[in-house]
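As C-alpha cells, the structure follows; a few thoughts come after it.
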Amino acid sequence: MQMPESSARILADKAKIVARLRKILPEESVIDNPVETKAYECDALAAYRCPPLAVVLPASTDETAAVLKACFEMGVPVVPRGAGTSLAGGALPTADSIILGVAKLTDVLEIDYDNRFIRVEAGRTNLSVTGAVETNGFFYAPDPSSQLACAIAGNIAMNSGGAHCLKYGVTTNNLLGVTMVTMEGEILEIGGAHLDSAGYDLLGLICGSEGQLGVVTEATLRILAKPEGARPVLIGFDSNVVAGACVSDIIRAGVLPVAIEFMDRPVIRAAENFTHAGYPDVEALLIIEVEGSEAEIKEQLDTIIKIARKHNPVELRESGSPEESATIWKGRKAAFGAMGQINDYMCLDGTIPVSQLPKVLRRITELSEQYGLDVGNVFHAGDGNMHPLILYDANKPGDLEKCEDMGADILKLCVEVGGCLTGEHGVGVEKRELMHVQYNEADLDIQMAVKDVFDPEWLLNPAKVFPLDASAERRA
Amino acid sequence: MRPDTEAELAELVKTASGPIEIIGGGTRKLGEHVEGVPLLTGGLSGITLYEPEALTLVAKAGTPLAEINALLAKNNQRLPFEPLDYRALQGSAGEPTIGGAVATNASGPRRISAGACRDSLIGVRFVDGMGRIIKNGGRVMKNVTGYDLVKLLAGSHGTLGILTEVSFKLLPAALATATVLVAEDETTAATTMARALGSPYDISGAGHIAGTTALRLEGLEGSVAYRSEALAALLSGKVGDFDWRALCDVQAFAGFEGDVWRFSVPPSQGPVLGAALRKLGAIDIIYDWAGGLVWALSPDGLDLRPALESGHGTVVRGTATPRFHPEPAPVAALASALRARFDPRGILNPGRMG
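First to last, the protein sequences are chains B and E.
Residue numbering for the first sequence follows the numbering used here, beginning at 589 and increasing consecutively.
Residue numbering for the second sequence follows the numbering used here, beginning at 934 and increasing consecutively.
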C-alpha cells in the first residue's frame, strides 16, 4: 500500500502551523508531541501506521470551523477521525496532515420523542445514542459490531451498517440531518427534523463520503420504538448450498427477519472453542432473529422452522429464554475475536447477490488452497454482505502481502458476480486501488468532481477512496 | 427524440446543440417549465433482472411502473416506497415510469417505515450532460463503494443526468393489512399519530383526512390482528376500512380548482402549519407521514410559504411560484456547482428546479 509523499514545505513549517492552531484552540486541544501523536498513527487497520504532523481536538462546531479555515489558508491536509475504529484505514494520517478528532464532541443536544429524533454531537458513540433513549423505549437502529466504541461521525463518514440492517437499513436510512463544516471553514446545515430535501439530496451524498467532503460535527438521527421482544433460532446444515437455499426460501415466503447470520465451519469451530456456545460441528450455521410480541415471534419462527425442516437441518435449536438467546448469539458476536486467537487476520466485507453464495464460497475455498492461507466466513446472509476472515502471520515476512493479494482476488470475485468491494467498512486506503475493478474512468471522474465542488484544493482526507493515479492531478 | 438504447441516448446528448426536456411517462408535472427538445425515455423499457430470493429488481428507466408492480405482485413482493401517482391530482395522462418515480423521489405513506424512493434505490445508470454513461451503486443492498450518487440522482428531476437503469431493494408484500381509525379533528391528530409511532406496533402508514386519523399495520396475519387490536385499545380507536391509495395520491383534491402545495415538516408541526395555512387562505388540508407531510389546497397564486417555520414547501399544481422551495445560499451554491459539474453546458432540464 502506497501513500503520497509528504510535503517538505509542510514538514518544515510544523512549528509555525502548530503555533497558529494553538492561537485558535486551548493548549490541551492541540497535540504535537511525538509521544502523544503516536496514539493517532493508525485506526483499526493497524497494518499501516504513520504519525500525523499534529492532532487537534476541537470542542465545538465553531472551533472546528476555525481550525479548518486555518488549515485551508495554510494549505495543510486534514484527516478527520471519529473513534478510530475504521477497518479500511479511513482515519490513517500522512506525516504532513493534521488529525482532526471529534472526541470532545459527545453531548446529546436534543431528544424529541414526538418527532422521533435525537440530535447529538458527532463524536458520541453509537451505543450511547441508544443509551440516551432506551429508558423511554426507543433505540437507534444501525448497529455496527464496533458500536461500543465507534463514533457517529465515523458511522456517517462510512455509512455504517450492522447485523440488523435487513429490516432497519444502514446509517443513510436513519440520518435526518447534519451540521457539517467544509474545508474552507463554512458551516452548513443540511436536513433536519423533517423528511427529505427541498432540492438535491446532499445528506445522502455526504453520508458515506469518508470524510472527504466535510467534517460532520452534529447529527440528527431517527430513533424508533423498541419492539416488544426478539428471539433467535439456530439452524445447522451439512452443506453451504442447502443453507443458502433455506435463506432464499425464507425470504420468498414473505418473512423478513431482523437478522440472518451465516457462519462456515472454520468460524463455527473457532467460535465454539472460544465461547463454548454449544454450536454443532457443521458445514454452515444460520442464526435467524425475529422481533415482535410473543405471539408474533412465534408466528414468524413457526414459518421459518417449517421451511428449515424441509431442508433437513442437522440441528435446529429455538431459543426458549433470554439466556438461551444470549448463548446462541455469544459465539457469533465473539467470532472475530475467536479467529484472532488463532492468528492475525484480515477482514473483508465485499457484498454479493445472495444467489451467488455457493459459487463464491467454493471459489474462496479454492483461493485459500492456492494461497495456502486459511479463511473463515461470517456472512450477513439476508443482504449479501460477506465477511471473509483471512488468517495470516504478521511476523512472517511476505505473509501480509500474500494475504492482501488473496483479499484482492476475493473482492474482484465479489464484483465479478455482480456485487461490490465493500458493503459497510468503506474504501479508505485498503480498497482504494481496487476501485478500478468496480468503476471505469468516467464513473470515478464524476465522483471526484463531487469532491472538487466541496473541497476544491483536495485537502480533506485526500489520499483515500480514489486510486492514487486517478486522483494524482487533483491532489497536486 | 426517442432513443432505444442507452448508447443511442448518450450519443444524442453528446451531439445535442441545445436544451433537452426529459420525459418519462409524462404524468408528473413538477417544477418549472422547461424550454427544450423533448427526449422520451419510453424506448428504454424492460425489467433487466429480478431475483425474488435476493429481494432485488433492476429495470430500464422507461419501464412502466404498472409492469413492475404486476411482476412483483405475482411473487408476493413490492417496491417498499409506495410511489405516488400524480395523474388524478394533476389531471395528467399516460403511464408513470420507474425512472419518473426516481427522478422525483416519489414516496407514499410507507415513507415513515420503509423510507423514501431514495432509500430503496440501490443503483443507477445515467447519462450526464456531456453524454457520458455513468454507473453508481449496483444491485446489492449493502454498498459503500465510493460516493453515493444514487441518492443524489434520486429527486434531481433530470437536472444532473438522464437515468437509463435503476436497481431496487424490494420487500415482501404484506400478507395482511389492517387500519385503526380514530375520529378526531386535526388539532389532536399529530399527538395520536406520535403515540402510535411511539408504540412497538410497527406502523406503516399514518394520515389524517376529514376528521379521521388512520394508522396502517402490515405483516403476517396473526401479527397484524394482534397489533391492530392492541393499537385500537391504546388509542381508543376501532379497526376499519381506509383508502390508502387515495391518501397517497391526494385524490381528495383531484376534482377541485386551485393550487396544491406539498410541505415536509417535523411531524408534530403538521397541525400547527395546517392552522397557519388556513389563516393564509388555504381551503383544505390533508396530512400524511404522521403529520410530517402536509398537502394544502389553496386559491390560485397564493404564497403559502410564510406559514412555514421549518422544513420546505413545493408547489405541485397551479400557478404559485417558485415551485421548488428556495434553499439557503450556501446550499444553493453547492447545488449549482454540482449541476455545473454534471451538466457543464446546462442542457438537461435547465431551470426545472429553479
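All residues carry an ideal CB built from backbone N, CA and C; glycine is no exception.
Problem - Tyr980/B in three-state terms, based on DSSP - result: strand
Exercise for the section: Look at the alpha carbon of Phe825/B and the alpha carbon of Leu873/B, and state the distance between them as a whole number of angstroms. Expected result: 6 Å
Problem - Test: His1090/E CB closer than 7 Å to a CB of chain B - result: no
Handout entry: Segments of 4+ residues assigned as alpha helix (DSSP H) that fall wholly inside the stretch 1010-1072 of chain E
Key = Fully contained in the stretch 1010-1072 of chain E are the following alpha helix (DSSP H) runs of length 4 or more, in chain order: 1020-1023, 1031-1036, 1044-1047 and 1050-1053.
Handout entry: Beta-carbon contacts of Cys1002/B that lie in its chain and below 6 Å, excluding the five residues immediately before and after
Key = The residues are Gly938 and Ile940.
Exercise for the section: Could you check how far apart the C-beta atoms of Ile925/B and Phe862/B are, in whole angstroms? I think they sit under 8 Å. Expected result: Reading the sequence as shown, one finds Gly at residue 925/B and not Ile. So it is a contact: roughly 7 Å between Cβ atoms.
Handout entry: Under 7 Å between C-beta atoms of Val994/E and Gly1032/E
Key = The residue asked about is misnamed: residue 994/E is Ala in this sequence, not Val. Yes, these two residues count as a Cβ contact at 7 Å.
Handout entry: Between the CA atoms of Glu1151/E and Tyr959/B - distance to the nearest angstrom
Key = 50 Å
Practice task
Step through the CB atoms of chain E and report whether any lies within less than 7 Å of the CB of Tyr788/B.
Solution key: yes
Exercise for the section: Please name the residue, chosen from Trp1177/E, Ala1253/E, Ile1280/E and Gly1214/E, that lies closest to Arg1044/E on a Cα-to-Cα basis. Expected result: Ranking the options by Cα distance to Arg1044/E, first place goes to Trp1177/E.
Practice task
Less than 8 Å between the CB atoms is what I'm expecting for Asn747/B and Thr760/B, so what's the real figure, rounded?
Solution key: Sure, about 5 Å apart at Cβ, within 8 Å.
Exercise for the section: Can you give me, in chain order, the residues of the stretch 984-995 of chain E that have a beta carbon less than 9 Å from any beta carbon in chain B? Expected result: Glu984, Pro985, Glu986, Ala987, Leu988 and Thr989
Exercise for the section: Have a look at Phe1196/E, Pro1232/E and Ala1265/E and flag the residue whose alpha-carbon is nearest the alpha-carbon of Glu1242/E. Expected result: Phe1196/E
Exercise for the section: Identify every run of the beta strand (DSSP E) within the stretch 724-800 of chain B, keeping only runs that are complete inside it and at least 3 residues long; order them along the chain. Expected result: 763-769 and 775-779
Exercise for the section: Indicate the three-state DSSP secondary structure (helix, strand or coil) for Cys630/B in the structure shown. Expected result: coil
Practice task
Look at the alpha carbon of Asn931/B and the alpha carbon of Asp981/B, and state the distance between them as a whole number of angstroms.
Solution key: 6 Å
Exercise for the section: Under 8 Å between beta-carbons, which chain E residues line up against Glu849/B? List them in chain order, please. Expected result: Correct list: empty, because the minimum Cβ distance to chain E is about 14 Å.
Practice task
Determine which residues of the stretch 868-897 of chain B have a Cβ less than 7 Å from any Cβ of chain E, and write them out in chain order.
Solution key: Gly880, Ser881, Ala883, Glu884, Glu887 and Gln888
Practice task
Give the straight-line distance between the Cα atoms of Leu977/E and Asp937/E, rounded to the nearest whole angstrom.
Solution key: 6 Å
Handout entry: chain E contact for Ser797/B (CB, 7 Å cutoff)
Key = yes
Problem - Residues of the stretch 1251-1276 of chain E with Cβ closer than 9 Å to any Cβ of chain B, in chain order - result: Phe1257, His1258, Pro1259, Glu1260, Pro1261, Pro1263, Val1264, Ala1265, Leu1267, Ala1268, Ala1270, Leu1271, Arg1272, Ala1273, Arg1274 and Phe1275
Exercise for the section: Could you tell me if Ala1262/E is buried or exposed, where buried requires 16 or more neighbouring beta carbons within 10 angstroms of its beta carbon? Expected result: exposed
Problem - In chain order, each beta strand (DSSP E) run of at least 3 residues that lies wholly inside the stretch 850-884 of chain B - result: Taking only runs of at least 3 residues, the beta strand (DSSP E) segments lying wholly in the stretch 850-884 of chain B are 872-879.
Exercise for the section: Mark Ala1036/E as exposed unless 16 or more other C-beta atoms lie within 10 angstroms of its C-beta, in which case mark it buried. Expected result: buried
Practice task
Compare the C-beta of Arg1043/E with all C-beta atoms of chain B and state if any pair is closer than 7 Å.
Solution key: no
Exercise for the section: Give the single residue among Pro614/B, Leu613/B, Tyr636/B and Val606/B whose Cα lies nearest to the Cα of Pro622/B. Expected result: Val606/B
Practice task
Measure the alpha-carbon distance for Leu793/B versus Gly1056/E and round it to whole angstroms.
Solution key: 14 Å
Practice task
Reducing DSSP to helix, strand and coil, say where Phe1175/E ends up.
Solution key: coil
Problem - Cβ of Lys1068/E within 7 Å of any chain B Cβ - result: yes
Exercise for the section: Within its chain, find whatever has a CB closer than 8 Å to the CB of Leu1022/E; leave out the 5 residues flanking it on each side and keep chain order. Expected result: Asp1182, Val1183, Gln1184, Phe1186, Ala1187, Val1193, Val1249 and Arg1250
Handout entry: Residues from the stretch 724-749 of chain B in contact with chain E, defined by Cβ distance under 9 Å
Key = Asn724, Gly725, Phe726, Met746, Asn747, Ser748 and Gly749
Practice task
Using a Cβ cut-off of 7 Å (strictly closer), state whether Arg1065/E contacts chain B.
Solution key: So yes, Arg1065/E belongs to the interface.
Problem - Beta-carbon separation (whole angstroms), Gly1173/E vs Thr1112/E, contact threshold 8 Å - result: For a cut-off of 8 Å, the C-beta gap from Gly1173/E to Thr1112/E is around 6 Å, short enough to register as a contact.
Handout entry: Opening and closing residue of the alpha helix (DSSP H) in which Phe1054/B lies
Key = Careful: Phe1054/B lies outside any alpha helix (DSSP H) and carries neither H nor E.
Handout entry: Ranges of the alpha helix (DSSP H) found wholly within the stretch 1196-1236 of chain E, counting only runs of at least 4
Key = Complete alpha helix (DSSP H) runs here, min 4: 1203-1213.
Practice task
Grab the span of the alpha helix (DSSP H) containing Ile952/B for me, first residue to last.
Solution key: Leu945 to Tyr959 is the span of the alpha helix (DSSP H), which, as asked, contains Ile952/B.
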